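Residue numbers (numbering that gives the first Met the number 0): 0 to 503.
Step one of this worksheet: look at the structure below.
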Amino acid sequence: MREQLRIALQTCFGYRSFRPGQEEVISRIMCGESVLGLLATGGGKSLTFQLPALLLPGITLVVSPLISLMTDQVQQLRAQKKIPAATLNSAQSREEARETLRGLEQGRFKLLYVSPERLQQPVVQNVLKRIGVSLFAVDEAHCISQWGHDFRTDYLRLPEAAKRLGNPPVLALTATATAEVREEICQLFAIKPENVVALPVNRANIALDVIHAEDEGERRSLALKLMDSLAGQGIVYCSTRQAVEVLVSSYQIEGKKRIHGYHGGMESMERMLVQAQFASGELDLIVATNAFGMGIDKADIRFVLHYQMPASLEAYAQEIGRVGRDGKPGYAALFAVREDVQIHQHMVEKEYPTQEQVEQYCRLLASGAFPSPEQLAALEISPETAELLAFYAEKAGARQADGTVVRNVDERRIARAIIQALERRKLKKLQKLTAMVRFAQERNQCLRKSLNRYFGDEQHSFATQCCTYCGLSRDAYTGPSPGRSEEEMPWDFRRALARLLPNL
DNA sequence: CGGGGTAGCTATACAGCTACCCCGGTGCCGTATT
0 MREQLRIALQ TCFGYRSFRP GQEEVISRIM CGESVLGLLA TGGGKSLTFQ LPALLLPGIT
60 LVVSPLISLM TDQVQQLRAQ KKIPAATLNS AQSREEARET LRGLEQGRFK LLYVSPERLQ
120 QPVVQNVLKR IGVSLFAVDE AHCISQWGHD FRTDYLRLPE AAKRLGNPPV LALTATATAE
180 VREEICQLFA IKPENVVALP VNRANIALDV IHAEDEGERR SLALKLMDSL AGQGIVYCST
240 RQAVEVLVSS YQIEGKKRIH GYHGGMESME RMLVQAQFAS GELDLIVATN AFGMGIDKAD
300 IRFVLHYQMP ASLEAYAQEI GRVGRDGKPG YAALFAVRED VQIHQHMVEK EYPTQEQVEQ
360 YCRLLASGAF PSPEQLAALE ISPETAELLA FYAEKAGARQ ADGTVVRNVD ERRIARAIIQ
420 ALERRKLKKL QKLTAMVRFA QERNQCLRKS LNRYFGDEQH SFATQCCTYC GLSRDAYTGP
480 SPGRSEEEMP WDFRRALARL LPNL
């Protein structure tokens with residue numbers, strides 16, 4: 000079989016050999032096993048379901064978190080004309096979606112990309128059931144633990160969907176997962192421990208730096224200097240949209256590089272444009288919230304700065320992991336200011352409903368139906384929170400198969416179950432935050448070891464430089480970057496304006 | 001909790017200060033609306 004796979008790889012994709020981990024994953028899938036693949040992004044993750052898609056009889060379903068990821072991949076596949084692929088999502092017109100469904104029924108596709116939300120729709124499930132799903136792939140599977148438990152609960156309904164589709168083998172793929180997240184994914188999809196294919200977490204070519212600053216002012220001047228002096232293209236992560244806007248404006252006053260902000264509050268067209276400009280090298284610096292990341296398939300990003308601390312070491316690892324995929328030296332610096340923990344604490348607090356809100360919600364359930372939008376608004380429960388409450392209420396047995404509420408539901412028991420589930424999640428989030436804080440406040444332990452150990456990796460080798468505490472020369476990463484020329488009119492104009500009107 | 005914006009005061013400076021208020025991340029989907 001190994002030989003067959005190699006031939007398929009050569010003839011269909013034009014590669015002579017597999018990259019680390021790929022063959023391992025694919026051969027197990029072809030044996031009908033469910034697999035969890037922990038492969039570095041850019042390491043050819045998508046090939047591990049694209050190749051089986053060609054060899055397996057029915058259709059391969061790919062659950063993907065972002066519309067942009069789905070359209071990108073489908074376009075690429077169509078351009079290569081190797082694999083007939085399609086996607087279903089809300090960016091399409093009704094007509095397009097109908098056409099895709101028709102094509103599916105006629106067996107015109109081998110690969111279908113969908114969001115977890117779309118997969119919940121009965122129409123979609125029925126069509127898939129009829130044509131037969133041979134492989135159920137979940138791309139960026141860390142989203143299950145990262146988002147599933149709070150604002151995208153449909154992620155947690157994936158195992159149920161797989162069951163309804165006749166239990167095809169599942170391939171869950173991600174780049175970063177702690178032992179705990181691995182366990183959760185394995186349990187959800189009944190993946191055997193021996194079918195976890197993991198590559199080392201350690202990124203030997205990235206130097207890890209932590210820069211302690213007393214206050215916001217000191218941090219800002221240090222960061223602005225660093226942004227200007229580091230060589231190559233880079234990303235600066237902030238934890239709020241406001242911080243992004245402010246940092247971009249202050250950089251533009253004196254900074255020399257081509258820079259742009261990026262966050263979820265921007266128009267989707269602008270976001271696409273900015274990402275494309277960064278990819279093509281027309282921008283040197285992106286200042287972003289955690290919205291910027293997935294789907295960035297750029298090998299030569301030279302540095303990532305964390306202007307503020309992220310909410311977990313998972314997020315941190317994912318974000319610095321975008322540096323140096325080409326294997327050349329890269330640099331990651333985290334600015335540590337004590338107060339940064341507050342914003343994350345606030346978000347965790349805000350995210351979950353109060354005990355009283357849960358009780359009132361359950362009282363409404365007891366009256367025989369899921370609360371209406373008006374009732375939810377009266378309780379000051381956001382639509383996202385309502386979704387979360389409905390999910391946990393269902394899990395506690397408050398919902399019947401037809402979608403209505405169970406008669407004479409025990410409101411107290413349901414409320415208790417929901418509150419417990421929410422408390423558990425909240426505690427987990429706070430523990431992750433604590434681990435992140437500990438890492439940021441570290442004053443002598445090797446950062447590489449701390450980070451790798453968090454993910455259960457004991458391999459700590461490094462290529463050029465290790466970390467702040469093992470000794471690090473920042474000068475090694477400075478140098479000229481493409482930058483913008485001084486004569487460039489629009490930029491000079493903008494700079495002059497910024498000087499005059501710093502608040503614009 | 002803390003950063004940033006703004007109103008308002010002082011009192012003559014094309015500001016500086018304080019007190020106060022507001023807001024804070026990640027994305028599907030579908031329906032109503034511009």
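Just so it is clear, CB atoms sit at the ideal spot from N, CA and C, and this is done for glycine as well.
As the structure is a computational prediction, the values presented were derived from the model and not from experiment.
With 16 other Cβ atoms within 10 Å as the buried cut-off, status of residue i
i, result
"Q307", "buried"
"T173", "buried"
"D214", "exposed"
"R1", "exposed"
"L111", "buried"
"S366", "exposed"
"Q251", "buried"
"L426", "exposed"
"K80", "exposed"
"R15", "exposed"
"D138", "buried"
"I319", "buried"
"P56", "exposed"
"A189", "exposed"
"S460", "exposed"
"C30", "exposed"
"G13", "exposed"
"A278", "exposed"
Where residue i falls: helix, strand or coil (DSSP)
i, result
"Q307", "coil"
"A85", "strand"
"G470", "coil"
"G260", "strand"
"I58", "strand"
"S460", "coil"
"R15", "coil"
"P382", "helix"
"T477", "strand"
"V340", "helix"
"L164", "coil"
"V180", "helix"
"V137", "strand"
"C30", "coil"
"G106", "coil"
"P121", "helix"
"G320", "coil"
"H148", "coil"
"R437", "helix"
"C465", "coil"
"E159", "helix"
"A203", "coil"
Test item: CB-CB of residue i and residue j under 8 Å
i, j, result
"P168", "S33", "yes"
"Y261", "A290", "yes"
"A84", "K109", "yes"
"L134", "T59", "yes"
"V235", "L246", "yes"
"Q124", "A171", "no"
"V62", "P115", "yes"
"T463", "P328", "yes"
"L53", "I25", "no"
"V404", "F369", "yes"
"G326", "N443", "no"
"T467", "L450", "no"
"G43", "V196", "no"
"G230", "P479", "First, the residue type needs correcting, since residue 230 is Ala and not Gly in the sequence shown. Contact flag set, yes."
"R508", "E104", "With the chain covering 0 to 503 only, the question about residue 508 has no answer from this structure."
"D100", "V132", "As written in the sequence, residue 100 is Leu, which differs from the Asp given in the question. Cβ atoms of L100 and V132: not closer than 8 Å."
"R218", "F334", "yes"
"Y360", "L421", "no"
"Q465", "A140", "For clarity, residue 465 is Cys in the given sequence; the question names Gln instead. Not a contact, by the Cβ cut-off of 8 Å."
"L312", "M435", "yes"
"T152", "A316", "no"
"F150", "E358", "no"
Those residues which DSSP pairs with residue i across a bridge
i, result
"F302", "G233 and Y330"
"D208", "A332"
"I285", "I234 and H259"
"G36", "L172 and V196"
"V132", "I58"
"R398", "V404"
"Y112", "V61 and T86"
beta-carbon residue i near the ligand NAD non-hydrogen atom, thresh 7 Å
i, result
"D208", "The ligand NAD is absent from the structure shown, which contains no ligand whatsoever."
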